[in-house]
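Q: Following UniProt numbering, the numbering of the sequence shown begins with 1 at its first residue and continues without gaps.
Input: one structure, supplied below.
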Amino acid sequence: MEPFYAIGIFLFVLFLLLGSGVWIGLALLGVAYVGMEMFTSRPAGDAMMTVIWRSSSSWSLTALPMFIWMGEILYRTRLSEDMFKGLAPWMGRLPGGLLHTNVAGCTIFAAVSGSSAATLTTVGKMTIPELRKRNYPERLTIGTLAGAATLGLMIPPSLTLIVYGVAINESITKLFIAGVIPGLVLATLFMCYVVTASMVSKDYNPAAEPTLPFWDKVKRSRFLVPVLLLITAVIGSMYLGVATATEAAAIGVIGSLALAAAQGALTAGNFFESLMGATRTSAMIALILAGAAFLSLSMGFTGLPRALAEWIASIELSRFELLMVLLVFYIILGCFLDGISVVVLTIAIVEPMIRQVGIDIIWFGIFIVVVVEMAQITPPIGFNLFVLQGMTGHSMGFIARAAFPMFLIMMLMVLILIAFPELATWLPNNMRQAR
Numbered sequence: 001m002e003p004f005y006a007i008g009i010f011l012f013v014l015f016l017l018l019g020s021g022v023w024i025g026l027a028l029l030g031v032a033y034v035g036m037e038m039f040t041s042r043p044a045g046d047a048m049m050t051v052i053w054r055s056s057s058s059w060s061l062t063a064l065p066m067f068i069w070m071g072e073i074l075y076r077t078r079l080s081e082d083m084f085k086g087l088a089p090w091m092g093r094l095p096g097g098l099l100h101t102n103v104a105g106c107t108i109f110a111a112v113s114g115s116s117a118a119t120l121t122t123v124g125k126m127t128i129p130e131l132r133k134r135n136y137p138e139r140l141t142i143g144t145l146a147g148a149a150t151l152g153l154m155i156p157p158s159l160t161l162i163v164y165g166v167a168i169n170e171s172i173t174k175l176f177i178a179g180v181i182p183g184l185v186l187a188t189l190f191m192c193y194v195v196t197a198s199m200v201s202k203d204y205n206p207a208a209e210p211t212l213p214f215w216d217k218v219k220r221s222r223f224l225v226p227v228l229l230l231i232t233a234v235i236g237s238m239y240l241g242v243a244t245a246t247e248a249a250a251i252g253v254i255g256s257l258a259l260a261a262a263q264g265a266l267t268a269g270n271f272f273e274s275l276m277g278a279t280r281t282s283a284m285i286a287l288i289l290a291g292a293a294f295l296s297l298s299m300g301f302t303g304l305p306r307a308l309a310e311w312i313a314s315i316e317l318s319r320f321e322l323l324m325v326l327l328v329f330y331i332i333l334g335c336f337l338d339g340i341s342v343v344v345l346t347i348a349i350v351e352p353m354i355r356q357v358g359i360d361i362i363w364f365g366i367f368i369v370v371v372v373e374m375a376q377i378t379p380p381i382g383f384n385l386f387v388l389q390g391m392t393g394h395s396m397g398f399i400a401r402a403a404f405p406m407f408l409i410m411m412l413m414v415l416i417l418i419a420f421p422e423l424a425t426w427l428p429n430n431m432r433q434a435r
């Protein structure tokens, strides 16, 4: 019973610290410190120093600040304006019209930014005014943007997948490549929703788009070429085995700096702001990872992960039943914590469970990212909802209702992943390894 007694202690201290407003990283360190003092005779300070250094000096983590910096640089360019110019001529004649630019734009920007919030802000600042001007239903505009922006967590480079890979000691490159097909499938489901909603919605009556000759559409597509080349260089270099995730991040930073310079957006001010923005975000994630590493060590001394794995084995849950339990667990946890915190807080306990029932580690990384995506649009702490509230001025209730169909689509995506696990495993199993 001692491991389960330890659960109560850990949860009490964690919620006490979080409720007092302490940063999540410091809260995790505090919980781990209490656990070390109560459940082991090893000096807590010595253990904390050793574990934090080991977790912080991981070579895999070097990709994290560079991918964040790449997104910060592109956030300060005219990328969203160029994407709309390049996409609008092709999307305007589809059922659902320019609402598809929300999904397509988020998909493209997600492939050069690992952040859901950056994807939402970059695409939203251009599409929301344009869609309002053309009388598209506000509910569909807000809902599709809220859902599609979560693709920033799945389509590489994904900050959540980097954190998951470091926490579980798995190849970041393989995790990135595993997210490509599920990300595109989810984007396709979002576009199918746009088509269906445009047909059944009573207030769908946008202004008609002018018909453009084919070659004019092709000419406007030139605005998409730079970012598509950047995406190809980053993802293609990893898939072909030319570069590791860290090396691909360096390619991405150089490419984004070149793109910003070509657009005339690479001023000294923008360069400094992007660097400081990347530093702040990286430091925040590094603190959370350090706290999680120390907490994992502390929980290991209690025998908690092993005891839970044995308990799962004793009640003989099937693979599907365990995944459904974890789905509900992560959705509830995601209502109160951000995605990266959810991953690092739970992975030490969840890893033995999934290994016990033979779940593929790479596949589970994609599963957990889809569920974390749901948390981005789930009240009361859904981060995308807060960003949209600041951008549009709508009430939280209106935005949450508009995003709810996208939440259901993500639930469908979870079932599709379970039914067809090859969606997440085929590409990593067939990629070349970087030398």
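We put the beta carbon where it would ideally sit given N, CA and C, even for glycine.
#1: Where does T101 fall in DSSP's three states?
#2: Count the CB pairs spanning the region 188-203 and the region 62-82 that are closer than 8 Å, and state whether there are at least three.
#3: In angstroms, rounded to a whole number, what distance separates the CA positions of M1 and N169?
#4: With contact counted as at least three CB pairs below 8 Å, one residue from each stretch, are the region 222-235 and the region 26-40 in contact?
#5: Entirely within the region 75-128 and at least 4 residues each: give me those alpha helix (DSSP H) ranges in chain order.
#6: Classify V51 as helix, strand or coil using the three-state DSSP reduction.
#7: Three-state secondary structure (DSSP) at L337?
#8: Relative to the C-alpha of P428, which candidate in L14, S171, V112 has its C-alpha closest?
#9: Buried or exposed for I332, going by 16 or more other Cβ atoms inside 10 Å?
#10: Using DSSP with H/G/I as helix, E/B as strand and the rest coil, what is M154?
#11: Less than 8 Å between the CB atoms is what I'm expecting for L417 and F367, so what's the real figure, rounded?
#12: Just to check my reading of the structure: G92 and E209 have Cβ atoms closer than 8 Å, yes? What is that Cβ distance to the nearest angstrom?
#13: Using 8 Å as the threshold, is the region 136-156 in touch with the region 113-123, meaning 3 or more CB pairs across them?
#14: Count the other CB atoms, across all protein chains shown, that sit within 10 Å of the CB of V325; report buried if there are 16 or more and exposed otherwise.
#15: To the nearest angstrom, report how far apart L317 and A260 are at their CA atoms.
#16: Leaving out the 5 sequence neighbours to the left and right, which residues in its chain are closer than 6 Å to T246 when beta-carbon positions are compared?
#17: From which residue to which residue does the alpha helix (DSSP H) around G25 run?
#18: Run the CB neighbour count on R319, radius 10 Å, all protein chains shown included, and call it buried at 16 or more, exposed below.
#19: Does DSSP classify I359 as helix, strand or coil?
#20: How many angstroms separate the CA atom of V200 from the CA atom of T211?
#21: Rounded to whole angstroms, what's the CA-CA distance from P352 to L229? Just pull it up for me.
#22: Looking at the C-beta of L161, does it have a partner C-beta in chain B at a distance below 8 Å?
#23: Given that a residue counts as buried once 16 or more other Cβ atoms are within 10 Å of its Cβ, and exposed if not, what is K174?
#24: In its own chain, which residues sit with a C-beta less than 6 Å from the C-beta of Y164, not counting the 5 before and 5 after it?
#25: Within 10 Å of its beta-carbon, does T50 have 16 or more other beta-carbons around it, so buried, or fewer, so exposed?
#26: If you reduce the DSSP assignment to three classes, tell me which class K133 lands in.
#27: Taking the alpha helix (DSSP H) that Y239 falls in, what are its first and last residues?
#28: Is it buried or exposed for D338, if we count other Cβ within 10 angstroms and need 16 for buried?
#29: Look at the Cβ atom of A233, then the Cβ atom of P65, and state whether they are nearer than 8 Å.
#30: Give the DSSP-derived three-state secondary structure of P43 in the structure shown.
#31: Under 8 Å, do residue 436 and H394 count as touching if we go by C-beta distance?
#32: L266 by DSSP, collapsed to three states: which one?
#33: Three-state secondary structure (DSSP) at P65?
#34: Going by beta-carbon coordinates alone, are V242 and V112 separated by less than 8 Å?
#35: Assign G19 to one of three DSSP states: helix, strand, or coil.
#36: Roughly how many whole angstroms lie between the Cα atoms of R134 and M276?
A: So, from the data block:
#1: helix
#2: no
#3: Confidence at M1 is low in this model, with a pLDDT of 45, below 50, so its placement is unreliable and no value can be given for it.
#4: no
#5: 79-91, 99-110
#6: helix
#7: coil
#8: S171
#9: exposed
#10: coil
#11: 6 Å
#12: 3 Å
#13: yes
#14: exposed
#15: 52 Å
#16: T62, A63
#17: 24-39
#18: exposed
#19: coil
#20: 24 Å
#21: 40 Å
#22: Here there is only one protein chain, and chain B is not present.
#23: buried
#24: V343, G365
#25: exposed
#26: helix
#27: 225-239
#28: buried
#29: no
#30: coil
#31: Given a span of 1 to 435 for the chain in the structure shown, any question on residue 436 remains unanswerable.
#32: coil
#33: helix
#34: no
#35: helix
#36: 37 Å
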